[in-house]
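A short worksheet on the structure shown next.
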Amino acid sequence: MGSEKQNIIYCNTIAYTVGLAREFSSKLKEYPNEKLQELINLIEESVHDQYFLIDCLKKGVAFHFGKIPQRIRERIEALFRTGEIRFLFCTSTLLEGVNLPAKNIFILSMKIGMSNMDDVNFWNLAGRAGRLTKDLSGNIFCVRIFDKRGYWKNPQEIELLKKRKIASIESPLMKKNDGNLYKNINNSLSGRPFTNKRLSVDEKKSIHMYGNILLYHDIVKSDSILRNRFLEKNNDGKATLEKVVSKIEVPDYIIAQSANISVSIQNKIYSKSMDELPVKTDYQSCLNMLNILFDSYEWGVEEKQLFKNREHLTYFAVLINSWVNSKPLKYIILNAIKYYDENNKRIFIQANISEIFNRDSVAHINILINTLISDIENVIRFKIKSYVNNYMLLLQDKGQVVESNWSDFLEYGTTDKFIIEIQNIGFPRHLASFLKSNHSDCFTFDDEEIIEFNDYKLKNEIDRVKYKNEFYELSEILEWSL
């Protein structure tokens with residue numbers, strides 16, 4: 001049905017996306033293409049030569065989801081737009097601002113992950129069918145290939161197709177029927193149990209976060225919707241806020257920057273002596289930093305899904321040590337494979353099914369790569385960084401000098417101020433390292449800040465043959481005409 005047109009095939013999980021892309025591509029003939037081969041070479045050089053995407057690309061097929069290295073993901077998108085990639089299997093990352101229309105959209109599930117897709121997301125996805133200036137129309141196929149709920153099996157799932165209406169979206173803060181949101185925020189601040197015992201971990205965290213934001217609004221006397229509706233919905237709301245706020249010692253500007261961290265825990269840390277963060281960034285220093293955070297922020301309780309026990313910190317210490325010391329992605333992947341292999345670590349092959357890692361298993365290597373990319377982006381650069389940033393702010397407010405900026409190290413994946421500055425003007429980490437190593441004379445610094453960048457000099461001096469991939473990526477970013 002896809003013929004020679006471009007096709008997007010939506011799957012709701014990474015496992016289905018990769019599995020179906022591999023199964024489908026295995027039935028196709030080789031699709032020799034110079035640009036696809038360049039991407040294959042890049043994956044072998046920068047990720048791993050056993051990455052499943054390689055075999056798919058040989059057939060003009062690719063998969064797309066958030067755990068693919070950004071550098072590779074962007075090349076996939078570019079090659080799909082130009083037609084080299086004809087079949088793109090994807091998860092809901094395609095709903096998140098990626099502009100990739102296609103002649104045909106095949107929707108294999110009405111779920112996003114394990115949750116039902118609402119009408120907004122469905123029609124957003126379906127709206128990718130048809131490309132302005134290329135096609136007069138596009139086709140949407142909802143295909144039942146799995147005989148189970150959530151995959152177009154039940155009649156009520158098909159109602160989504162018949163209505164063709166998009167309901168208005170209302171903020172949970174403004175809904176008349178708020179599902180006891182404000183009552184639960186009050187319970188969160190008061191240390192009482194929630195009204196619904198079946199709330200998910202994410203729902204509980206959301207309520208706690210609203211509580212932290214509310215405390216900040218109350219401290220600065222902000223006339224916010226959140227604060228006003230909280231007081232309207234709870235007769236004892238004012239007394240609750242007064243009681244909690246009276247005990248808070250943490251400055252309001254720190255609370256404002258750390259809404260995802262329990263204010264009571266911040267207060268506990270602030271009220272006693274704090275350990276200094278390590279100055280060095282070797283493995284032991286990374287582990288020491290994580291142990292400080294684990295104890296201070298009570299990760300064994302607050303982040304028990306992520307850090308099941310203190311032993312789990314050793315993996316992240318290995319990862320952070322490579323990441324903050326500017327190691328390339330392929331080195332980090334190989335180091336993680338070595339760590340898993342030597343320590344007989346288990347790897348999750350499905351939600352609740354794990355196996356001892358086997359470095360001879362291509363499937364295990366691919367799962368580890370996907371896990372590692374997610375851990376860098378979501379855990380190190382977001383979760384751990386937010387805790388480090390809060391800890392540094394608390395230290396500095398107490399008058400302690402913080403010698404190593406761990407927050408920047410985790411965000412930018414380097415301790416090199418030059419590389420950090422290059423990233424700050426818009427270059428990704430790998431290109432910033434490349435430019436520092438090969439073309440630092442194209443930048444003019446003043447007081448550790450870039451005040452001038454000579455892209456004309458860079459364009460004329462870069463070795464386009466030796467650094468073909470880097471030249472292509474720089475051309476995209478700097479809009480060079482080739």
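For the sequence shown, the working numbering assigns the number 1 to the initial residue and increments by one for each residue that follows.
By construction, the Cβ of each residue, glycine as well, lies at the ideal position given by its N, Cα and C atoms.
CA-CA distance, residue 220 to residue 252, rounds to 8 Å. Your pair residue 388 and residue 395 does not check out as a contact, with CB atoms roughly 10 Å apart and the cut at 8 Å.
The beta-carbon distance between residue 427 and residue 435, rounded to whole angstroms, is 7 Å. This is short enough to meet the 8 Å contact definition. Non-local beta-carbon contacts of residue 182 in its own chain, meaning distances under 7 Å to residues more than five positions away in sequence, involve 229, 230, 233 and 234 in chain order. The segment 303 to 322 makes contact with the segment 277 to 290, as at least three CB pairs between them are under 8 Å. Secondary-structure assignment with DSSP links residue 142 through a beta bridge to 107. Rounded to whole angstroms, the separation of the alpha carbons of residue 400 and residue 269 is 14 Å. Judged by DSSP secondary structure, residue 437 falls within the alpha helix (DSSP H) whose first and last residues are 429 to 438. Non-local C-beta neighbours of residue 188 in its own chain, meaning closer than 6 Å and more than five positions away in sequence, comprise 207, 208 and 211, ordered along the chain. Nearest to residue 432 by C-alpha distance, out of 326, 256, 381 and 331, is 326.
The C-beta distance from residue 3 to residue 59 rounds to 15 Å, too long to fall under 8 Å, and the pair is not in contact. Within the segment 237 to 261, the complete alpha helix (DSSP H) segments at least 4 residues long are 237 to 245 and 252 to 257, listed from N- to C-terminus. DSSP, reduced to helix, strand and coil, places residue 346 within a strand of the structure shown. The segment 44 to 88 is shown to contain whole beta strand (DSSP E) runs of 3 or more residues at 61 to 64, in chain order.
Within the same chain, 450 come within 6 Å of residue 421 by CB-CB distance, once the 5 residues on both sides are set aside. The continuous beta strand (DSSP E) containing residue 7 extends over residues 7 to 10. Note on the segment 198 to 234: whole alpha helix (DSSP H) runs with a minimum of 4 residues are 201 to 219 and 225 to 233, in chain order. Residue burial annotation: residue 382 is exposed, with fewer than 16 other C-beta atoms found within 10 angstroms of its C-beta.
Residue 354 sits in a strand when the DSSP states are folded into three classes. If you draw a straight line from the Cα of residue 374 to the Cα of residue 357, it comes to about 18 Å. Inter-residue distance for residue 424 and residue 352 is about 40 Å (C-alpha atoms, whole angstroms). In this structure residue 119 is in contact with residue 163, their Cβ atoms being roughly 7 Å apart against a cut-off of 8 Å. Between the segment 11 to 26 and the segment 108 to 127, the count of Cβ pairs shorter than 8 Å is three or higher; the stretches touch. Using a Cβ distance threshold of 7 Å, residue 364 and residue 347 count as a contacting pair. DSSP, read as helix, strand or coil, puts residue 102 in strand. Within its own chain, the residues whose Cβ lies closer than 7 Å to the Cβ of residue 193, once the five positions on either side in sequence are excluded, are 187, listed in chain order. Within a 10 Å sphere around the beta-carbon of residue 69 sit 16 or more other beta-carbons, which makes this residue buried.
Taken through DSSP and simplified to helix, strand or coil, residue 184 comes out as helix.
In the three-state scheme derived from DSSP, where H, G and I count as helix and E and B as strand, residue 116 is classed as strand. Residue state for residue 320 is assigned as helix, using DSSP reduced to three classes. Relative to the Cα of residue 215, the nearest Cα in the group 437, 203, 200 and 242 belongs to 242. Judged by DSSP secondary structure, residue 450 falls within the beta strand (DSSP E) whose first and last residues are 449 to 453. For residue 397, the enclosing alpha helix (DSSP H) has its first and last residue at 385 to 397. Spatial neighbours of residue 226 in its own chain (CB-CB distance under 8 Å, excluding positions within 5 residues in sequence) are listed in chain order as 173, 210, 213, 214 and 217.
When the beta-carbon positions are compared, residue 46 and residue 330 come within less than 7 Å of each other. One alpha carbon belongs to residue 103, the other to residue 130, and they sit about 5 Å apart.
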